[in-house]
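These notes are about the structure you will find just below.
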Amino acid sequence: MPPTSETGRDDGIRINPSILAADFANMQAELARIATADFVHVDVMDNHFVPNLTFGPQMVERVQATSPVPLDVHLMITDPDRWAPGYAEIGAASVTFHLEAATEPVALARRLRDIGSRAGVAVKPATPVESLFDLLDDFDQILVMTVEPGFGGQSFMPETMPKLRRLADEARRRGSSVWLQVDGGIGESTIAQAAEAGADTFVAGSAVFGAGDPAHAIAGLRAAAAAHHIH
Ligand code: DX5
Ligand code: ZN
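Here it is, written out as structure tokens:
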């Protein structure tokens, strides 16, 4: 692989393809197609917090063992206080749980960091971000959902952008190094507005795995995000 200066991977932009859009029966081959990504986004759904069911720790452990890039686990589950640490123990580089589902989000973030993973918190489109302003130091990543969580292939919700912008402004004001992630409906036509609003970490399912050449799709998304990212 060429050095980072040639791949543009030192630009503070992260592109994280979601395996929700991959062929589950050929996961090893699908993972090999996204070796130029920064992380692989792994959507865990419990058919309770969201009306869909994907997979649990056993599958994530196999993805961890097989993936060429680190894991960005997105837990759409009830009672993350009980279950999230297990994903950090598997070796996931990043574990994100939903604010709406957590009982003690700060204590949970501390546990995830203690185990050795980055700690992330996610908010659904209708959940305000202001309660996170005093918690920026407790998290390594904040995920602003740009669709209702539960399914891939939905349309990007532009009405979530003012919230992202407020969060990015506040993070900048406080000198925070927290990563701001967006997830849902991100593709060539929507990534610019999310980057302009302050996102630096982008999940894309169908836009990457639905493309004939995922590496080309990743490069295109990366270039579009870098061109519009604000610092
Ligand atoms: C939705 C998931 C997303 C999903 C994104 O609940 O959290 O990660 O895979 O898929 P696309 O990019 O197709 O909207
Ligand atoms: Zn996700």
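Our numbering numbers the first residue of the sequence shown as 1 and each following residue consecutively.
Ideal placement from N, C-alpha and C gives every residue a C-beta, glycine not left out.
Predicted model, so just to flag it, every value in this text is computed and none were measured.
Check: Residue 26, DSSP secondary structure in three states; Outcome: helix
Check: Nearest to residue 184 (by Cα), restricted to the options 31, 201, 88, 33; Outcome: 201
Check: Residue range of the beta strand (DSSP E) that includes residue 154; Outcome: From DSSP, residue 154 is part of no beta strand (DSSP E); its letter is neither H nor E.
Check: Reduced DSSP secondary structure (H/G/I, E/B, other) of residue 201; Outcome: strand
Check: Every unbroken beta strand (DSSP E) inside the region 103–141 [3 residues or more]; Outcome: 118–123
Check: Spatial neighbours of residue 111 in its chain, beta-carbon cut-off 6 angstroms, leaving aside the 5 residues before and after; Outcome: 85
Check: Inter-residue Cα distance where the pair is residue 45 and residue 150; Outcome: 7 angstroms
Check: Three-state class that DSSP yields for residue 17 in the structure shown; Outcome: strand
Check: Burial state of residue 20, where buried means 16 or more other Cβ atoms lie within 10 Å; Outcome: buried
Check: Cut-off 6 angstroms between Cβ atoms - residues of its own chain near residue 113, not counting five sequence neighbours on either side; Outcome: 119
Check: Cβ-heavy atom distance, residue 154 to the ligand DX5, below 7 angstroms; Outcome: yes
Check: Inter-stretch contact (C-beta, 8 angstroms, three-pair minimum) for the region 61–69 and the region 94–106; Outcome: no
Check: Burial state of residue 197, where buried means 16 or more other Cβ atoms lie within 10 Å; Outcome: buried
Check: Nearest residue (CA-CA) to residue 158, options 186, 128, 134; Outcome: 186
Check: Cβ contact (3+ pairs, closer than 8 angstroms) linking the region 169–178 and the region 202–214; Outcome: no
Check: Residue closest to residue 57, alpha-carbon to alpha-carbon, out of 90, 80, 32; Outcome: 90
Check: Check: residue 41 C-beta below 7 angstroms from any heavy atom of the ligand ZN; Outcome: yes
Check: Extent of the continuous beta strand (DSSP E) to which residue 43 belongs; Outcome: 40–45
Check: 7 angstroms CB neighbourhood of residue 13 in its chain, flanking five on each side removed; Outcome: 200, 222, 225, 226, 229
Check: Beta-carbon proximity list for residue 43, same chain, < 7 angstroms, skipping 5 on both sides; Outcome: 18, 20, 54, 74, 76
Check: Secondary structure of residue 99, DSSP reduced to three states; Outcome: coil
Check: Own chain, CB closer than 7 angstroms to residue 11, minus 5 neighbours either side, in chain order; Outcome: 226
Check: Simplified DSSP assignment, three categories, for residue 176; Outcome: coil
Check: Residues bridged to residue 94 [DSSP beta-bridge criterion]; Outcome: 72, 118
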